[in-house]
Amino acid sequence: MPGLVLLHPTDAEKLDLDSIQDGDFRASNPRAYNAPVIWGLPIVKSRQVPQLLLPT
Numbered sequence: 081m082p083g084l085v086l087l088h089p090t091d092a093e094k095l096d097l098d099s100i101q102d103g104d105f106r107a108s109n110p111r112a113y114n115a116p117v118i119w120g121l122p123i124v125k126s127r128q129v130p131q132l133l134l135p136t
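Heads up: the sequence shown is residues 81 to 136, going by the numbering used here.
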């Protein structure tokens with residue numbers, strides 16, 4: 081069972097800022113004061129992780 085999610089910093093930022101049509105954030109709310117999480121798992125950002133080709 082995974083205990084964290086590894087993401088390239090650019091991909092993490094895209095997920096943070098991605099919102100659906102009604103303005104709710106798709107993955108998480110970047111304005112929240114909590115540690116960044118996705119699917120209930122902490123996000124660890126590293127430039128050693130290959131960058132995904134996420135749409136902008």
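We put the beta carbon where it would ideally sit given N, CA and C, even for glycine. Since this is a predicted model, take the numbers as computed values, not measurements.
**Prompt:** Tell me, which residues are paired with residue 122 by DSSP?
**Reply:** 117
**Prompt:** When you compare only the Cα positions, how much space is there between residue 126 and residue 88?
**Reply:** 5 Å
**Request:** Going by DSSP, name the residue or residues bridged to residue 137.
**Result:** The question about residue 137 has no answer here: the residues shown for the chain are numbered 81 through 136.
**Asked** Cβ of residue 116 within 8 Å of Cβ of residue 92?
**Response** yes
**Request:** State the start and end residues of the unbroken beta strand (DSSP E) segment that holds residue 87.
**Result:** 85–87
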